[in-house]
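Here is the structure we will look at, set down as structure tokens.
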Amino acid sequence: MRLSHADNTSALNVAPVYCFSILAEAEPGVMPRVLELFAKRGLVPTRWHSDVAGPKCRDLAIDIQVDGLDVQTGDYIARCLRQVYQVQAVLTSQKHVGQKHVSPKHVGQNPPGR
15 MRLSHADNTS ALNVAPVYCF SILAEAEPGV MPRVLELFAK RGLVPTRWHS
65 DVAGPKCRDL AIDIQVDGLD VQTGDYIARC LRQVYQVQAV LTSQKHVGQK
115 HVSPKHVGQN PPGR
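Residue numbers (my numbering): 15 to 128.
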């Protein structure tokens, strides 16, 4: 019996994720103003994490991730975030999260006697 392997190729599907790291004053109105920039574009962040930090808990650190956001739109939102009252700094990055898909191995048998 002879085994043959046909097309054992793997493909990597990559979904871009745009990341925002925001430092602002720890004031109640900051989070809704930040969220508004996404909501008015019909975007729902896939991840939102915020912490009150800094000396005397006066800073608010917000980390936001949005799946599938193109670079131009992400850069534009970052520029808008930098204009929001009480936002002190905005850093951005992109990451690519992929799922590896492997095509199945095709195993064939030669007929008996060959």
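Every residue, glycine too, gets a C-beta built ideally from N, C-alpha and C.
**OP:** Could you name the residues of the same chain whose beta carbon sits closer than 6 Å to that of E39, not counting the 5 residues immediately before and after it, in chain order?
**Re:** By 1-based counting over the sequence shown, the position of residue 39 is 25. The answer, listed in chain order, is Q100.
Original post:
Taking the beta strand (DSSP E) that A75 falls in, what are its first and last residues?
Top reply: As a position in the sequence shown, residue 75 is number 61, starting the count at 1. Residues 73 to 81.
Subject >> Extent of the continuous alpha helix (DSSP H) run through D89 >> reply: The residue given as residue 89 occupies position 75 in the sequence shown. From DSSP, the alpha helix (DSSP H) with D89 extends over 85 to 95.
Original post:
Which residues mark the beginning and the end of the beta strand (DSSP E) in which A53 is found?
Top reply: Along the sequence shown, read from residue 1 onward, the residue named residue 53 stands at position 39. Counting along the chain, A53 falls outside any beta strand (DSSP E), though it belongs to the alpha helix (DSSP H) covering 44 to 53.
**OP:** Counting only the same chain and skipping the five closest in sequence on each side, list residues whose C-beta sits under 6 Å from that of Y32.
**Re:** As a working mapping, residue 32 is identified with position 18 in the sequence shown. Within the same chain, Y32 has close Cβ partners V80, L83, G88, Q108.
**OP:** Work out the CA separation of P46 and L105 for me, nearest whole Å.
**Re:** Position 91 of the sequence shown, counted from the first residue, corresponds to residue 105. Position 32 of the sequence shown, counted from the first residue, corresponds to residue 46. The alpha-carbon atoms of L105 and P46 are separated by roughly 19 Å.
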